[in-house]
Structures are given as C-alpha cells and as structure tokens.
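In terms of the numbering used here, the sequence shown has 44 at position 44, counting the first letter as 1, and numbering is strictly consecutive.
Glycine included, every Cβ here is placed at the ideal spot set by N, Cα and C.
Heads up: the structure comes next, in structure tokens.
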Amino acid sequence: MTRQARINRKTGETDIHIRLNLDGSGQSRLDTGIPFMDHMLTLMTAHGFLDLEVTARGDTEVDNHHTVEDLGICLGQAITQALGEKKGIRRYGTATIPMDDALARVVMDISNRPYLAYRVPLKKTMTGSFDVALVKEFLRAVAIHAGITMHVDLLAGDEPHHVAEAVFKAFARALDQSCRPEARLQGNIPSTKGLL
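Structure below.
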C-alpha cells in the first residue's frame with residue numbers, strides 16, 4: 001500500500017506544491033519562502049519519519065499569514081489523500097516533547113472530526129521576523145483539512161522559538177503514531193461505527 005500524496009494549490013495569495021510520503025525516512029526538500037517555516041517543517045519531517053517536498057510562494061510582502069495557513073491546508077489535504085479510507089491505522093497518537101525550557105504535548109485522533117484546542121500562552125510571540133502565533137493557524141488548517149481532533153498544550157516554557165520547536169516535534173510524533181498501521185486491526189477501519 002502506497003501512502004503518498006501530491007497536492008497543488010494556487011490562489012490569488014499563494015502557490016503551493018506538496019509531495020508527502022507517510023512511510024518515509026525523514027527526508028525533506030523545502031522552499032516555503034519563509035525560513036522559519038522551512039526550519040519547523042524540517043523538524044516535523046525528521047521527527048515524524050515523513051518524506052516531504054514543499055515549494056511555496058505567497059504574498060509575504062503583506063505578512064506570512066496566508067502562506068503559513070495555506071501550507072497547513074495543503075498538508076492536511078495531503079494527509080487525507082495519503083491515508084485514503086484510513087483502514088488499519090492506529091488513529092490515536094500522543095507525544096510530549098521538551099526543547100530546553102519548553103515542554104509541549106500534542107494529542108490527536110484522526111477521526112474525521114476536525115477540532116483544534118490550542119493552549120499555548122506566550123507573552124512574546126516573535127522570533128526574528130516570524131510570529132509564532134501563526135503556528136496555531138497552521139495547525140488549525142491541518143486539523144480541518146485532515147479531519148483531526150487535536151489538543152496542543154504548552155506545559156512549560158516561554159521562549160517562542162523553543163516553544164514552536166517543541167510543538168512541531170510533538171505534532172510530528174503524534175501524527176506518526178496515529179498514522180502507523182496496526183496489525184491487530186487486520187486492515188479494518190479503527191471505529192466501532194465502521195467508518196471515519
């Protein structure tokens with residue numbers, strides 16, 4: 001079974017191309033036009049054992065919001081496409097990851113019930129020219145377009161770069177767990193309803 005996807009999205013604000021392999025080895029080729037997002041997606045790819053190629057251009061002269069949100073939309077669509085009917089996946093995943101002062105927890109359910117609870121209070125959100133508050137917009141778009149219920153909690157820390165890293169790594173590990181095949185399901189959909 002090939003769990004791969006290719007997504008192209010072109011709007012008046014962004015032009016994004018994504019190739020995703022859920023059964024990868026952590027390889028990435030990323031050019032989002034936003035160096036901090038390239039850094040975060042590199043971490044996500046490596047720690048989630050995904051292969052990911054991204055080319056993105058957006059109206060970053062306005063700000064990074066449209067590009068970051070549309071990257072989340074495309075990644076969510078790619079996850080949905082790669083998982084297909086979601087037969088035989090574990091469905092649930094959780095990870096708690098430290099990054100120096102930061103400690104982040106992500107819990108998810110690939111349930112086709114999109115929801116994001118994002119409890120990441122920060123007094124300072126800027127790291128360089130990137131607003132870490134946009135991580136919420138990215139994850140909200142992923143949750144909506146991948147049909148994921150996701151809870152993100154910052155348990156400790158206040159340095160925005162460290163917080164973003166911990167959140168992306170925890171997201172990656174939880175996603176890897178959720179998407180991993182579960183042999184005991186014998187290829188069935190992981191729901192008593194018979195569908196997700």
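When DSSP states are grouped into helix, strand and coil, Pro160 belongs to the helix group.
For Thr42, the enclosing alpha helix (DSSP H) stretches over residues Pro35 to Gly48. Going by DSSP, Lys10 is part of the beta strand (DSSP E) stretching over Gln4 to Lys10. Within the segment 128 to 153, the runs of alpha helix (DSSP H) at least 4 residues long that lie entirely inside it are, in chain order, 134 to 146.
Inter-residue distance for Ala156 and His162 is about 10 Å (C-alpha atoms, whole angstroms). Within 10 angstroms of the beta-carbon of Asp158 lie fewer than 16 other beta-carbons, which makes it exposed. Contact between Asp51 and Gln77 fails: their C-beta atoms lie close to 17 Å from each other, not under 8 Å.
Sequence-distant partners of His66 (beyond 5 residues in either direction) whose C-beta falls short of 7 Å from its own C-beta, in its chain, are Glu13, Thr14, Gly58 and Asp59.
Residue environment for Ala183: exposed (fewer than 16 other C-beta atoms within 10 angstroms of its C-beta). Secondary structure note for Val106: its beta strand (DSSP E) is the uninterrupted segment Ala102 to Ile110. If you check the CB distance, His151 and Ala117 come in under 8 Å. Here Leu30 is near Val54, since their CB atoms are less than 8 Å apart.
Here the alpha carbon of Arg113 sits roughly 30 Å from the alpha carbon of Asp63.
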